[in-house]
């Protein structure tokens, strides 16, 4: 018999709420800076707002799944098979929303970096190439996730049953390609600002903080890699409980990506005129 303490749904709810609150607060702060202080609201800000909307939608699905029984052991559920079927369908919707939100967030950060007047030609070329490549593979991955779980199947082994999406090799290849390109994009977005800002007329302290905050995106990269490692948890018999691993890793990746892209010190680099603003370090708005 399972103990009530084995229900990790409340923990997932708390982590989701904290990350969502941080993301909403920083996006609002970013919009305030762009609209009221620098008056330079642009496409990168629009994309981060869209990414936040998809984060909110994905979190709404998480709250719904927790109500269904996400985080509980199958033995604690009144009808395990029916619950896992409902969870799997909802989690498939969650994956679609997460993929789109993650894509929008990366595009927002990429557009922000392209606005920097000191961006070199090699940087601009690689950035546009990665963005178009990520767009194409994300569309393919979204289509795969929409169609692959239309017909769920139940597998019985050793008197136990589990619910699975019918997997196809081509679909799996597309999903892993999307993940690989997403990791490559995260690495480029995290490391390239160090190179771009190296020759800019900023103090070492300013460069350190800007690059350090951009490097927060590496946490999203780690989360993406961990999601691939633990995707096998979908094939376990205690699915309502083990699904949490994939959900929380995906939540961390999207939330931390938005937080990294909207940190106040990160947004402090002004892109207008001939000046570069680092908020809080004495440089004035252009």
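Numbering (the UniProt record's numbering), first residue to last: 1 to 286. We put the CB at the ideal spot given by N, CA and C, even for glycine.
In this structure, residue 53 keeps its C-beta atom at 8 Å or more from the C-beta atom of residue 255. It is roughly 7 Å from the alpha-carbon of residue 174 to the alpha-carbon of residue 137.
Shortest Cα-Cα distance from residue 128 to any of 142, 108, 65, 101 involves 108. Between the C-alpha atoms of residue 259 and residue 55 there is a straight-line separation of about 11 Å. The criterion of a C-beta distance shorter than 8 Å is satisfied by residue 20 and residue 59. When the five nearest sequence neighbours on each side are left out, the beta carbons in the same chain lying within less than 6 Å of the beta carbon of residue 140 are those of 174, in order along the chain.
If you keep only unbroken alpha helix (DSSP H) runs of at least 4 residues inside the stretch 17-57, you get nothing at all. Distance from residue 248 to residue 12 at the Cβ level is roughly 6 Å; contact confirmed, criterion being Cβ atoms closer than 8 Å. Contact between the stretch 86-106 and the stretch 31-44 is not established, with fewer than three Cβ pairs separated by less than 8 Å.
A direct Cα-Cα distance of roughly 18 Å separates residue 124 from residue 42. If the five residues before and after residue 77 are omitted, its C-beta is found closer than 7 Å to the C-beta atoms of 69, 83, 240, all from its own chain and listed in chain order. DSSP places residue 178 in the helix class (H, G or I) of the three-state scheme. Of the residues 261, 112, 142, 179, the one whose Cα lies closest to the Cα of residue 94 is 142. Annotated as proximal: residue 90 and residue 64, with beta-carbon spacing under 8 Å.
Residue 251 places its beta carbon less than 8 Å from that of residue 62. When the alpha-carbon of residue 147 is set against those of 96, 178, 112, 121, the nearest one is in 96. Separation of residue 14 and residue 66 (C-alpha to C-alpha, rounded to the nearest whole angstrom) is 11 Å.
Of the residues 98, 218, 225, the one whose Cα lies closest to the Cα of residue 57 is 98.
For residue 16, same chain residues with a beta-carbon under 7 Å away, outside a window of 5 residues either side, are 59, 62, 251 in chain order. In its chain, beyond the 5 residues on either side, 74 have a beta carbon closer than 6 Å to the beta carbon of residue 80.
In this structure, the beta-carbon distance from residue 189 to residue 71 does not fall below 8 Å. Your pair residue 185 and residue 130 checks out as a contact, with CB atoms roughly 5 Å apart and the cut at 8 Å. Under the three-state reduction of DSSP output, residue 72 falls in the coil class, being neither helix nor strand. Runs of the alpha helix (DSSP H) spanning 4 or more residues and lying entirely within the stretch 79-117 occur at 80-114, in chain order.
Counting along the chain, residue 254 sits inside the alpha helix (DSSP H) bounded by residues 239-262. Judged by beta-carbon spacing, residue 27 lies within the 8 Å limit of residue 48, meaning their Cβ atoms are closer than that value. Cβ-Cβ distances below 7 Å link residue 9 to 66, 70, 71, 72 in the same chain, with the five nearest sequence neighbours on each side left out; the list follows chain order. The DSSP-derived three-state label of residue 190 is helix.
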